[in-house]
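In my numbering, the protein residues as written are 1 to 449.
Okay, so here's the structure we're looking at.
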């Protein structure tokens, strides 16, 4: 859902490119911090003398904390602004990294790492910010390829994940695995650099600036001036809280559908991405001794998936691409688990599954931003993204419960592939589509059909 672009200043191609690069760097750093904890968890476990079950409990509690932080962070994007939201996200990554080095046990670590939820929320800030910037870009190619350009930003996930893995490897080699606190401290440096770039060079979007002016007039009792801005921009005068707005008649359907889709799909993410090596080794007997190579290849596949689905979304509709991608992913993972247990079959099927599992996230993040009005765009996107954490916890719980009940890891993963990944694609068919119109002379106009 886009705003009347005629009343806002045009954004130059140079500024559009700069904003896109900053968004990519911010997301890369956010992912880097988020993944760093999982990568260092075995070292933390050894340092505190935990057993595996206690480490799993800590990880689960961190996920619960991240869930709450993202929900509370969403309204801040709509209250403080897109620029300040990005600053808070990247700054929060730096604080979480530095504070993690000071953790003294389970309780402090859970509280500190819950703050990394602001890092995961960065993708919601990016989707909100870039949706508004691209809508006002004076370059027609930007408008035609919004999804592809955003997909480039989303590739910050595999880049950040590889950075975290490589960085931990270097710190371990140079300083020893027991110096995990040093890894967290050093992680503050790139976050601080990106924070400075945002603070000094990034501008607020014209849409949010107009909203601020309109609300200031409302607060001062100058309703005529507020109405004039509303008439000129298409922004709505409202006193309704953003969190309430995403469940009003206009937005309720997409909010609910997207929440369920994220929960179900993240059951698959937890199983086939986070625990992918375990599934390949234990479930299919594939030798994953070259773990680093598997990580590298999987992240390259993810990046290609983002770019492909971003490009396809511009041409065939983002909703259609999401439905198709997740449906194929569910089928591919099911075929992988039912097929022969040899690397020549399993590894290609696994990579196909990852391509179609991860790739649609480039499309869905931008689709979510298009679904909501400017007044609640950040809140809506962040609220939906927060559902990833319950999905991960539920997926892990179902997988553990089925294996404990002697259902077998292979059969358990088939349940996740069909009941999580495939079903998430089918549920997306219920989402209300957005109509993307690009003309030669006018800015992009996106309306909810």
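For each residue, glycine too, the CB sits at the ideal point set by N, CA and C.
Bear in mind the structure is a predicted one, so any value in this text is a computation, not a measurement.
By DSSP's criteria, residue 11 is part of a beta bridge. Which residues make up the other side? Residue 11 sits at position 11 when you count from the first residue of the chain shown. Beta-bridge annotation (DSSP): residue 11 is paired with 137.
Could you give the first and the last residue of the continuous alpha helix (DSSP H) run that contains residue 222? Here residue 222 is taken as the residue at index 222 of the chain shown, counted from 1. Judged by DSSP secondary structure, residue 222 falls outside any alpha helix (DSSP H); it is assigned neither H nor E.
Are there 16 or more other CB atoms within 10 angstroms of the CB of residue 386, so buried, or fewer, so exposed? Locating residue 386 in the chain shown gives position 386, counting from the first residue. When all chains shown are included, residue 386 counts as buried.
Buried versus exposed, by CB contacts within 10 Å (16 or more), residue 20: Here residue 20 corresponds to residue number 20 of the chain shown, with the count starting at 1. Counting of Cβ neighbours within 10 angstroms places residue 20 among the buried residues, the total reaching 16 or more.
Where does residue 287 fall in DSSP's three states? In the chain shown, residue 287 corresponds to position 287, counting from 1. Per DSSP, reduced to three states, the secondary structure at residue 287 is coil, with no helix or strand assignment.
Nearest by alpha-carbon distance to residue 302: which of 194, 284, 269, 419 is it? In the chain shown, counting from the first residue as 1, residue 302 sits at position 302. Ranking the options by Cα distance to residue 302, first place goes to 269.
Residue from 375, 103, 334 with nearest C-alpha to residue 214: To locate residue 214, count along the chain shown from 1; it is residue 214. Sorting 375, 103, 334 by C-alpha distance to the C-alpha of residue 214 places 375 at the top.
Enumerate in chain order the residues of its own chain whose CB-to-CB distance from residue 449 is below 8 Å, with the five nearest sequence positions on each side excluded. Reading the chain shown from its first residue, position 449 is the one you call residue 449. Residue confidence for residue 449 is low, a pLDDT of 36 falling below 50, so the modelled location carries little weight; the figure read from the coordinates is stated next. Excluding five sequence positions before and after residue 449, the CB atoms of its chain that fall closer than 8 Å to its own CB belong to 432, 433, 434, 435, given in chain order.
Excluding five sequence neighbours on each side, which residues of the same chain lie with their C-beta closer than 8 Å to the C-beta of residue 182? Against the chain shown, residue 182 aligns to sequence position 182. Result list for residue 182: 101, 171, 175, in chain order.
Is residue 13 buried or exposed, if buried means 16 or more other CB atoms sit within 10 Å of its CB? Your numbering for residue 13 matches position 13 in the chain shown. Residue 13 is exposed by the Cβ-count criterion.
Suppose only complete runs of 4+ residues qualify. What are the alpha helix (DSSP H) ranges in the segment 300–379, listed by chain order? Fully enclosed alpha helix (DSSP H) runs of 4 or longer: 318–338, 343–358, 360–371.
Alpha carbon to alpha carbon, how far is residue 243 from residue 249? Give it in angstroms, no decimals. As a first step, residue 249 must be located in the chain shown, where it is residue number 249. As a first step, residue 243 must be located in the chain shown, where it is residue number 243. Using only the alpha carbons, I get a separation of about 13 Å.
Once you ignore the five residues that flank residue 16 on each side, which residues in its own chain have a CB closer than 8 Å to its CB? The residue you call residue 16 lines up with position 16 of the chain shown. Answer for residue 16: 133, 134, 137, 139, 142, listed in chain order.
Beta carbon of residue 31, beta carbon of residue 160: below 8 Å? Taking the first residue of the chain shown as 1, we reach residue 31 at position 31. Taking the first residue of the chain shown as 1, we reach residue 160 at position 160. The answer is yes: Cβ separation under 8 Å.
Taking the runs of the beta strand (DSSP E) that are 3 residues or longer, which of them lie wholly in the segment 160–224? None, since the segment 160–224 contains no complete beta strand (DSSP E) of that length.
How far does the alpha helix (DSSP H) with residue 146 in it extend, from its first residue to its last? The count along the chain shown starts at 1 and reaches residue 146 at position 146. Taken as a continuous stretch (DSSP letters only), the alpha helix (DSSP H) holding residue 146 covers 146–154.
Measuring alpha carbon to alpha carbon, tell me which residue in 357, 430, 190 is nearest residue 164. Position 164 of the chain shown, counted from the first residue, corresponds to residue 164. For residue 164, the closest alpha carbon among the candidates 357, 430, 190 is that of 190.
Do residue 310 and residue 187 have their C-beta atoms closer together than 8 Å? Taking the chain shown and counting its residues from 1, the one referred to as residue 310 is at position 310. Taking the chain shown and counting its residues from 1, the one referred to as residue 187 is at position 187. Contact: no.
Give the DSSP-derived three-state secondary structure of residue 267 in the structure shown. In the chain shown, the residue the question calls residue 267 occupies position 267. Residue 267: helix per DSSP, three-state reduction.
With 16 other Cβ atoms within 10 Å as the buried cut-off, status of residue 287: One-based indexing of the chain shown puts residue 287 at position 287. When all chains shown are included, residue 287 counts as exposed.
Drop a sphere of 10 angstroms on the beta-carbon of residue 49, count the other beta-carbons inside from all chains shown, and report buried for 16 or more, exposed for fewer. The residue labelled residue 49 in the question sits at position 49 within the chain shown. Label assigned to residue 49: exposed.
For residue 295, which residues of its own chain have a beta-carbon under 8 Å away from its beta-carbon, when the five flanking residues on both sides are left out? Taking the chain shown and counting its residues from 1, one reaches residue 295 at position 295. If we look at residue 295 and ignore the five residues flanking it on each side, its Cβ neighbours are 161, 162, 165.
Residue 158: buried (16+ other C-beta within 10 angstroms of its C-beta) or exposed? Start at 1 with the first residue of the chain shown, and residue 158 comes out as number 158. Under this definition residue 158 is a buried residue.
Out of 43, 271, 319, which has the shortest C-alpha to C-alpha gap to residue 429? Locating residue 429 in the chain shown gives position 429, counting from the first residue. Per the Cα distances, 319.
Terminal residues of the continuous alpha helix (DSSP H) containing residue 237? Start at 1 with the first residue of the chain shown, and residue 237 comes out as number 237. For residue 237, no alpha helix (DSSP H) encloses it, and the DSSP letter there is neither H nor E.
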